[in-house]
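This report concerns only the one structure given below.
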Amino acid sequence: MSETAIESILHEERIFQPPAEFAASAHVKSLDEYKALYDRAAKDPEGFWGELAERELDWFEKWDKVLDWQPPVAKWFVNGKLNISHNCLDRHLTTWRKNKAALIWEGEPGDSRTLTYAQLHREVCQMANVLKQLGVQKGDVVGIYMPMIPEAAIAMLACARIGAVHSVVFGGFSAEALHDRLNGAEAKAVITADGGFRKDKVITLKEQVDKALANNTVPSVQKVLVVQRTGEETHMEPGRDVWWHEARQNVSADCPAEPLDSEDMLFILYTSGSTGKPKGVVHTTGGYNLYSHMTLKWAFDLQETDIFWCTADVGWITGHSYIVYGPLSNGATMVMYEGVPRPSNPGCFWDVVEKYGVTIFYTAPTAIRSFIKAGDQHPNARDLSSLRLLGTVGEPINPKAWMWYYQVIGDERCPVVDTWWQTETGGFMVTPLPGATPTKPGSATFPFPGIVADVVDLDGNPVGNSEGGYLVVKQPWPGMMRTVYKNFERFRRSYWEHIPPKDGQYFYFAGDGARKDEDGYIWIMGRVDDVINVSGHRLGTMEIESALVSHPSVAEAAVVGKPDEIRGESIVAFVILEEEYEPTDELNKELKQHVVEEIGAIARPGEIRFSDDLPKTRSGKIMRRLLRSLASGQEISGDTSTLQDRGVLDKLRGGA
Ligand code: PRX
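Going by the numbering used here, the sequence shown wraps up at 1069, each residue one higher than the last.
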């Protein structure tokens, strides 16, 4: 548990009521209304979700049954037929939204584009037709490796339109990581760009794709569709690579959305777990469409005139649910920005808010903490009066950052909505509803209607107020992941057996520790497994260890997170070298770079400590708890009786 979280629980007495004016026009206007919705959903989940599905989405054919729950397998809207791309595009074209801005895009160098719903629809249809021409069919997997440009969203929607399954890989992942993910998903095609702009540099994405596919090591990939973004010279492999701007000349802009089964796979998104390689989280069409739509509508109180900006990358679930599908399904205007704050422009986010009159702004605590460090002069120099709601996600937000966000960015007018959720959950799970829920800085407050969340012990028994426990979900919900791609057993083991089912009650185990305070508010404490959260990016310690031991000099490695003021956690690696290697500064640097090449810059260790031993139990298990204390310079506390060799700790203490 982080110290900031403890600090907030022990001392947090501030409560912020929803502003009256905000509540008056909100979708959910009071705590009583929230409670009524919550109770209705708890008593009759099928009636609750069924009504919303009928009211909020278009279906080509109605379902026979709202839910078929054979734990841990859930089927939602059984035999219903729909297409999420139709719900995000076509259905708006018959209304005045046809010429409403769907996507406002700002490039890092200052170029910009706005696409109306009609224009976005046209682009998506064309790309869908190009994909078909390239041989992509319903059920095929398409890898998407893109910078933050409109074509990233267009590519996702084009896949969805024809029933192809997309697997977006964050553009910051290395060629090696891309290779593994494309292979794991047996992607048939890849959609990428020549490159993109990030922190005033050109990133060469296509080059990474070429490396990932080199020597036909991903045999499933037959075609690569390349969007021109930077105009840099780019190698095109004959017979395999196709330019988007050329291919689109030869296709029509007419491509009806394929009627898909509600449970047809919509996408795979790889995420880190505590063991093994990253797992492919599978989401399906109907339930995910409804859940991303409803959560955005209620938790961010999305209204017709809102300009919504989520600063995530489409490579993460936040980008999937709240840049692409949730906003477009609601017919909203969303902002997409290619850049990130950088030394040449630390105030760029506030420029974007001012330029487009952003009303709802959604970012991560790590970004908020870096804004605090950069200084109030940046937001203060811009007009941020358009803002009416502020959201946060990705890691526990410390009360100090929450208060700064509320006061400096929100001018004490805007509710702060702290949303707890995961790649696996598809959408927000624990979150305030801004017109209804009084907020406490640092707490994600209460479960979304329909979500039966609890804090329990390892036997599944609820823990007492203010006692720590495991955050679980006790009933299925439409946006839940359906399986780990091609590994149902891993799905069952990782999520449903950690806390064993009891008397027919199953527990979805999220991997997070939490506690409830005396008012029932949920406080997320962070991961209780070997997953670390660096700048809101989720990384498995095992993944980084595997990357390290793949270097010839490394015999053994153990990775832990260390509290970091800005990033939440930073990576510390304890490394035992092979005998013939000496611990030098050069090798230290080389190993950090090696991790960047194996995974990506987000996984670069902040610190590598060479050592000739690691603290292990008598059965050979590395005692990470002790390494965590060592990494953060704390005294070793707790039980060390299972430690095989106590001398190791003294050596490691001296050996930083
Ligand atoms: O530990 C929790 C943390 O992020 C994890 C999920 O990571 P990922 O699947 O990459 O999705 C991130 C964006 C949804 C969770 O297990 N987390 C996410 N949101 C919060 C959070 N921790 C505390 N408070 C949050 N609001």
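Built from N, CA and C at the ideal position, the CB exists for glycine as well.
{"Asked": "Quick one, are the C-beta atoms of W657 and V554 less than 8 Å apart?", "Found": "no"}
{"Asked": "Which term fits K636, buried or exposed, when burial requires 16 or more other beta carbons within 10 angstroms of its beta carbon?", "Found": "buried"}
{"Asked": "Taking the straight line between their C-alpha atoms, what separation do you get for Y819 and R826?", "Found": "8 Å"}
{"Asked": "Less than 8 Å separating the beta-carbons of L961 and A986?", "Found": "yes"}
{"Asked": "Terminal residues of the continuous alpha helix (DSSP H) containing E975?", "Found": "The question names Glu, but residue 975 in the sequence shown is Lys. Counting along the chain, K975 falls outside any alpha helix (DSSP H), though it belongs to the beta strand (DSSP E) covering V967 to D977."}
{"Asked": "Would you check whether ligand 1 has a heavy atom nearer than 7 Å to the C-beta of V941?", "Found": "no"}
{"Asked": "Do A600 and V640 have their C-beta atoms within less than 8 Å of each other?", "Found": "no"}
{"Asked": "Would you report the Cα separation of V876 and K929, rounded to the nearest angstrom?", "Found": "9 Å"}
{"Asked": "So, at 8 Å on beta carbons, what are the nonlocal neighbours of R755 in its own chain, with the 5 sequence-adjacent residues on each side left out?", "Found": "K612, D613 and C761"}
{"Asked": "How long is the line joining the alpha carbons of S633 and N596, rounded to whole angstroms?", "Found": "7 Å"}
{"Asked": "Comparing the CB of P809 with every heavy atom of ligand 1, is any distance shorter than 7 Å?", "Found": "yes"}
{"Asked": "Cβ-heavy atom distance between A857 and ligand 1 below 7 Å?", "Found": "yes"}
{"Asked": "Grab the span of the beta strand (DSSP E) containing F987 for me, first residue to last.", "Found": "G981 to L990"}
{"Asked": "From L1039 to N874, what distance separates their C-alpha atoms?", "Found": "29 Å"}
{"Asked": "For A745, which residues of its own chain have a beta-carbon under 7 Å away from its beta-carbon, when the five flanking residues on both sides are left out?", "Found": "L715, D719 and F721"}
{"Asked": "Using DSSP with H/G/I as helix, E/B as strand and the rest coil, what is E751?", "Found": "coil"}
{"Asked": "Is the distance from the Cβ of V622 to the Cβ of Y701 below 8 Å?", "Found": "no"}
{"Asked": "Between the region 556–576 and the region 516–533, are three or more C-beta pairs nearer than 8 Å?", "Found": "yes"}
{"Asked": "What is the DSSP secondary structure of R427, counted as helix, strand or coil?", "Found": "coil"}
{"Asked": "Would you call the CB atoms of A968 and I989 closer than 8 Å?", "Found": "yes"}
{"Asked": "Considering only residues of the same chain and omitting the five flanking positions on each side of R1066, which have a CB-CB separation below 8 Å?", "Found": "L1043"}
{"Asked": "Can you find a heavy atom of ligand 1 that lies under 7 Å from the Cβ of G924?", "Found": "yes"}
{"Asked": "From what residue to what residue does the alpha helix (DSSP H) around T724 run?", "Found": "Element bounds for T724: n/a, residue is neither H nor E."}
{"Asked": "Which residues does DSSP list as the beta-bridge partners of A606?", "Found": "V640"}
{"Asked": "By DSSP, does T698 sit in helix, in strand, or in coil?", "Found": "helix"}
{"Asked": "From E993 to G699, what does the alpha carbon distance come to, in whole angstroms?", "Found": "57 Å"}
{"Asked": "Would R530 and H505 qualify as a contact pair, given that the criterion is a beta-carbon distance under 8 Å?", "Found": "Reading off the sequence, residue 530 comes out as Tyr, not Arg. Yes, they are a contact pair."}
{"Asked": "Are there any heavy atoms of ligand 1 lying less than 7 Å away from the beta-carbon of W729, as far as the coordinates show?", "Found": "yes"}
{"Asked": "So what does DSSP say about W657, is it helix, strand or coil?", "Found": "helix"}
{"Asked": "So, do the region 860–871 and the region 662–679 have three or more beta carbon pairs nearer to each other than 8 Å?", "Found": "no"}
{"Asked": "Could you give the distance in angstroms between the alpha-carbon of T1055 and the alpha-carbon of N900?", "Found": "34 Å"}
{"Asked": "Is the beta carbon of R951 within less than 7 Å of some heavy atom of ligand 1?", "Found": "yes"}
{"Asked": "G1070 and S580 look like a contact to me (Cβ under 8 Å); what is the Cβ gap, rounded to whole Å?", "Found": "Only positions 414 to 1069 of the chain appear in the structure, and residue 1070 is not among them; the question remains open."}
{"Asked": "Using 8 Å as the threshold, is the region 534–541 in touch with the region 568–577, meaning 3 or more CB pairs across them?", "Found": "yes"}
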